[in-house]
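Numbering (our numbering), first residue to last: -14 to 889. Where a beta carbon is used, it is the ideal one built from N, C-alpha and C, also for glycine.
Next comes the structure, spelled out in structure tokens:
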């Protein structure tokens, strides 16, 4: 038979694998000209023509049937083309066995279950039947006897439905010769089955979706056919009968399986409840676990569990979950209160504070626990400081005899005046004061000094942690990463707002520290209203200079320790002021003691003169000064940021009014030869004399004392003496210049101011005056005033005379020149009178003339008309000689100065 077309060719099938009764689509070429042309269709050797549906010459849809072969070709046979070929193959999968109560989208062949009854499990009821091969791989029975296996696995079973199931027994019995690759496939099968069970009804719907569509199409076709026939509403029609049959079948099935299904539903409910309890046991056990962990102190575990519960059940709508989550929130709120109480407890370490703050931050505690902790620490520090003071005051009143102004000179627990701050910025004490005194000078530390030591130690033990807590609060290291991200913006706002508040806290601590120290060491420096709060020591005996030096060293160490914490200098300025006041007071007390010793030196004068004409008194005086300097060695040493005590004292002495000065022994010029002879107890000084004495002291300091002090500093191994001397010299010169200008202003202004009224006294007129008969009184008065200045300065210091009188003469000559230049015209007599007075003044003070004063006199003479005749010149010379002769006694001081300057 000849064929008019080519043989069929199958080029594709979708899907290319599946279980029996899987619907597949076959694609290819020459698959027939119509449904009648298709006469054969086999897949894996099974005839599928009965289910085939010809769609086109390139597409056929059918269902795969049961086949012996697992994999085979797709062969299409047509009338027009004959038997065809295939370029693709189909893999037939073994169907999973479905239990009696399992859902299925297709009709189940029950023959498998009848076959299973002939197996060794035939005594097991149908509900307990399970697949004979749960691993899904070929079973290979082992050669081991059943008795050996029972002895090896005593009390166990190879039945996987048993409670005592042993996996090893099952594998030895059924898969002893199975390869490792096959076992891996079995594991994959088990996972696949577990996933299908977890998917539940959804997997069932997915797997039978095509069956549902086909059933829907079949029912729709039947419905349309019945509508076309018009028999759907006829009583006794086929549909009515079919409905009755289906209802009876349903009722019969319900009757048969009602008890079984009821037990199944009850078991499912119980199983679901147990699954819920097991699945959400974390939440149900969480309240009890929180209490247990809180009691053990495992706050991190509590916080982690709370965060997990909050993320899972924080927004749940399930009433049971909401009830248990509310219990969790109640216990977490109690934990917040507990942690906050622990955080605000005092005393507490910085580590614990940071830990509690981090816990509270992670628990999203409302408010700002970190700032509350800072405030509590601030109050605690202030309370400790005042409690320390009250304790020492109470102890002093109970044991007043323990106080002594003497220093424990050999006790190693006391810091040296030259001790330095260690690298750790702590108060580690150095060696004791170096002294030649013996052990009989041992006394207990005064209560006030011991209190200051205790107070500073207390502040240094609390303030560093307080400062570090604030730094951690600012940079966010107190908080965890989660809490920091959630509250970063709000915290940054709080930091900006609370910087000023924290600054006020530090200032309050510093002010309390300084005022408490002042109340103990400098009680007169605090106001009366604060005496009760910061004072109350009620001691009459003043601390000695040695104890004050000891207190200065303690406060200095405190300042250096606080500076090491990088606390701003403006917050520590009050401590610097306290140090300066203590240094000044220490210097004053030490110098008062030294002055008393110097006053008593006159009693030790033996009047034995050495080869240089000196007694032992000057040497003893220098020794007193050197000893005083040694005792003030650490006090006078200027630490970074501290002012010079000498310059401070000199400035105070020069500016205070007479009533405020009670240190006459300090105003005595140490260079005066009458130091121990001419100064009496009732000696009083005017303000001008005090200025002169200070100026004299400045000169002596500059020329002698500073150099000697520098030598002593070098002897005591001080470093940087040259720089210290330069700075001291500069400060001294600045003070000297300022005081000198004040003195010149006090002395020169009255003399200068008296010139003009004296010149024009009695309506004198340069244009109309009598011939000159001598120098007028106003000039003599000015000279007398200059002589008075000379005497006052000479009494104090000869070296100051040229410096002072030169400036006075400059001022007088400048004023005289101005007055002469202001005269419009002179008569002959007026010009002669003016020239006489100018020359008389110039010649008298010639020894004190400077380039400036010489220029002024020259300008004054140039403003006068020149002498026209020799008679005038002769008269001028006679009158000058007459003036010098009559004023010889008064002008002797200028001549003595001239001779002295010539000798020099």
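Distance from the CA of residue 685 to the CA of residue 796, rounded to the nearest whole angstrom, comes to 27 Å.
Rounded to the nearest angstrom, the gap between the Cα atoms of residue 829 and residue 582 is 46 Å. Assigned with DSSP and collapsed to three states, residue 139 falls in coil, not helix or strand. DSSP, read as helix, strand or coil, puts residue 872 in coil. C-alpha of residue 227 to C-alpha of residue 199: approximately 20 Å in a straight line.
Every beta strand (DSSP E) of 3 residues or more that sits fully in the stretch 8 to 72 is shown, in chain order, as 8 to 14, 23 to 28, 38 to 41, 44 to 48, 56 to 63.
Excluding the 5 residues flanking it on each side, residue 616 has same chain C-beta neighbours closer than 8 Å at 530, 531, 534, 575, in chain order.
Under DSSP, residue 160 shares a beta bridge with 125.
Under the 10 Å beta carbon count, residue 757 is surrounded by 16 or more other beta carbons and is classified as buried.
Collapsing the DSSP output to three states places residue 712 in a helix.
Of all alpha-carbon atoms in 506, 501, 54, the one lying nearest the alpha-carbon of residue 434 is that of 506.
Straight-line measurement puts the Cα of residue 514 at about 36 Å from the Cα of residue 326. Going by DSSP, residue 440 is part of the alpha helix (DSSP H) stretching over 432 to 460. Under the three-state reduction of DSSP, residue 146 is assigned to coil, being neither helix nor strand. For residue -2, the uninterrupted beta strand (DSSP E) segment begins and ends at -6 to -1. Sorting 0, 717, 730, 824 by C-alpha distance to the C-alpha of residue 764 places 824 at the top.
Note that the stretch 49 to 60 touches the stretch -3 to 13; at least 3 beta-carbon pairs, one per stretch, sit closer than 8 Å. Bridge partners of residue 77 according to DSSP: 3.
From the listed residues -6, 787, 779, 814, the smallest Cα separation to residue 833 is found for 787. Annotated as distal: residue 25 and residue 70, with beta-carbon spacing of 8 Å or more. For the options 816, 873, 859, the alpha carbon positioned closest to that of residue 848 is the one of 816.
Closest option to residue 875, judged by alpha-carbon separation, among 800, 738, 859, 766: 766. The Cβ-Cβ distance between residue 841 and residue 777 does not fall below 8 Å. Below 8 Å, too few C-beta pairs join the stretch 233 to 252 and the stretch 273 to 280 to call them touching: fewer than three.
Residue range 558 to 584 is occupied by the alpha helix (DSSP H) that includes residue 568.
Look at residue 353 here: in three-state DSSP terms it is coil, with no helix or strand label.
Separation of residue 877 and residue 715 (C-alpha to C-alpha, rounded to the nearest whole angstrom) is 37 Å. For residue 548, the enclosing alpha helix (DSSP H) stretches over residues 530 to 549.
Beyond the five residues adjoining it in sequence on each side, residue 293 comes within less than 8 Å, by CB distance, of 267 in the same chain, given in chain order. Taking C-beta atoms as the reference points, residue 492 and residue 556 count as a pair closer than 8 Å.
By the neighbour-count criterion, in which 16 or more other beta carbons inside 10 Å mark a residue as buried, residue 851 falls on the exposed side. Taking the C-beta atoms as reference points, residue 12 is found no nearer than 8 Å to residue 36. Counting the other CB atoms within 10 Å of its CB gives residue 432 a total of 16 or more, which places it among the buried residues. Cα atoms of residue 804 and residue 813: separation of roughly 18 Å, rounded to the nearest angstrom.
If the five residues before and after residue 436 are omitted, its C-beta is found closer than 6 Å to the C-beta atoms of 377, 505, all from its own chain and listed in chain order.
In terms of CA proximity to residue 497, 364 leads the group 14, 364, 333.
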